[in-house]
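The structure appears below as structure tokens.
Chains as they are written, first to last, in the UniProt record's numbering: chain C, 1 to 251; chain Z, 1 to 67.
Put into structure tokens, the structure is as follows:
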């Protein structure tokens, strides 16, 4: 496997792979996002308790879910960067962190505007909300630490180590609603997946939510590929292959 | 279709402000990431063009001096 995997540590090979993968994420991602949002906003039935306000779930849950998912992706990149000192893995940390930060911010913001009409408060120092806020600061901290050193590779190593330490926060976020009985409700979907229970959500609401979750994964992955390729080109802009790549495109 | 008129769709049963601000922030956030990536790519392209122009100037100067 190593022999097969190792060439992708070469920046140019990663770049080419990313370019090939990009349309496979971007096109279905945007398509599913449009389908999911139209379904969610126009066709999903209103909630019998929360009325139309619950439609925030269709952006809140996907953003929150992938804010954790992409953190795990960043942690894998960080592990590869710290252990094997692969440069593309270091740049992957830099590519994923801003996207994770935006996803986390979306989850916090939409949670606040959903909390206001339903809980009567924008913010509460509830276990899940607090842990999610820590995740936001972790993403920003990783970016800040990466940029804080004169030598970029030292910064990458420091950011990688912070990323790895920060993974402790991911199970805390996930289990916070079970460990502490506070304001945030328990998960509707993961119960159904992990314990094969019937989901406590009507299928007319669950399906558009599943579509939105997939759409967010594809769109955010496409953004990661775009950013990672930018990071590669930034460092390789003097190499002939990168020059050729940048000069041949039309727009 | 859950809404019988456009205005009831916008009103979202009185929760319009909350629902639409959520949608707006989500799509501004994702859109900004995409646009920023495009900008960076464009800057890199300009850098590559500048380097190419510089290399050509050097080559021309070399040719001129050897003649």
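The beta-carbon is built from N, C-alpha and C at its ideal position, and this holds for glycine as well. Computed from a predicted structure; not experimentally measured.
Output needed for residue i: all residues of its chain with C-beta closer than 8 angstroms, excluding positions within five of it in sequence on either side, in chain order.
i                      : result
residue 105 of chain C : 136
residue 41 of chain C  : 55, 58
residue 72 of chain C  : 167, 170
residue 42 of chain Z  : none
With a cut-off of 8 angstroms on the beta carbons, I'd call residue i and residue j a contact; round off their distance for me.
i                      : j                      : result
residue 19 of chain C  : residue 229 of chain C : 7 angstroms
residue 139 of chain C : residue 101 of chain C : 4 angstroms
residue 236 of chain C : residue 242 of chain C : 4 angstroms
Identify the contact partners of residue i in chain C, using a Cβ-Cβ distance below 7 angstroms as the criterion.
i                     : result
residue 5 of chain Z  : Simply none; closest approach about 12 angstroms.
residue 49 of chain Z : 247
residue 52 of chain Z : 243, 247
Output needed for residue i: all residues of its chain with C-beta closer than 7 angstroms, excluding positions within five of it in sequence on either side, in chain order.
i                      : result
residue 222 of chain C : 22, 25, 26, 29
residue 183 of chain C : 119, 124, 126
residue 148 of chain C : 155
residue 10 of chain Z  : 16
residue 32 of chain Z  : none
residue 214 of chain C : 32
residue 142 of chain C : 93, 97, 159, 162, 163
residue 30 of chain Z  : none
Determine whether the beta carbon atoms of residue i and residue j lie at a separation below 8 angstroms.
i                      : j                      : result
residue 82 of chain C  : residue 10 of chain C  : no
residue 39 of chain C  : residue 208 of chain C : yes
residue 99 of chain C  : residue 65 of chain C  : no
residue 293 of chain C : residue 176 of chain C : Here chain C has residues from 1 to 251 only, and residue 293 of chain C is not among them.
residue 78 of chain C  : residue 163 of chain C : yes
residue 232 of chain C : residue 48 of chain C  : no
residue 45 of chain Z  : residue 246 of chain C : yes
residue 238 of chain C : residue 51 of chain Z  : yes
residue 60 of chain C  : residue 121 of chain C : no
residue 43 of chain C  : residue 1 of chain Z   : yes
residue 13 of chain Z  : residue 248 of chain C : no
residue 210 of chain C : residue 35 of chain C  : no
residue 84 of chain C  : residue 18 of chain Z  : no
DSSP three-state label for residue i, please.
i                      : result
residue 120 of chain C : coil
Could you work out which residues of chain C lie near residue i, taking near to mean beta carbons separated by less than 9 angstroms?
i                     : result
residue 13 of chain Z : 46, 51, 52, 53
residue 2 of chain Z  : 41, 42, 43, 44, 45, 46, 52
Using a Cβ cut-off of 8 angstroms, pull out every chain Z residue sitting near residue i, in sequence order please.
i                      : result
residue 230 of chain C : 37, 40, 41, 44
residue 223 of chain C : 30, 33, 34, 37
residue 117 of chain C : 15, 18
residue 238 of chain C : 51
residue 102 of chain C : 29, 30, 32, 33
What residues from chain Z crowd round residue i, counting only those whose CB sits closer than 7 angstroms?
i                      : result
residue 177 of chain C : Those do not exist, as residue 177 of chain C stays about 21 angstroms from chain Z at its closest Cβ, beyond 7 angstroms.
residue 219 of chain C : 30
residue 22 of chain C  : The premise fails here: residue 22 of chain C is roughly 11 angstroms from chain Z at the closest Cβ pair, so nothing lies under 7 angstroms.
residue 27 of chain C  : Going along chain Z, no residue has its Cβ under 7 angstroms from residue 27 of chain C, so there is no contact; the nearest lies around 14 angstroms.
residue 105 of chain C : 29
residue 234 of chain C : 44
Any chance the CB of residue i is under 7 angstroms from a heavy atom of the ligand GDP?
i                     : result
residue 81 of chain C : What this structure holds is no ligand at all, so the ligand GDP is not there to describe.
Using a Cβ cut-off of 9 angstroms, pull out every chain Z residue sitting near residue i, in sequence order please.
i                      : result
residue 98 of chain C  : 33, 36
residue 109 of chain C : 21, 22, 25, 26, 29
residue 206 of chain C : Within 9 angstroms Cβ-Cβ: nothing; residue 206 of chain C doesn't reach chain Z, min ~16 angstroms.
residue 227 of chain C : 33, 36, 37, 40
Among the residues of its own chain, which have a CB less than 6 angstroms from the CB of residue i, if the five just before and after it don't count?
i                      : result
residue 63 of chain C  : 103, 106, 107
residue 172 of chain C : 131
residue 12 of chain C  : 241
residue 46 of chain C  : 52
residue 220 of chain C : 66, 99
residue 134 of chain C : 169
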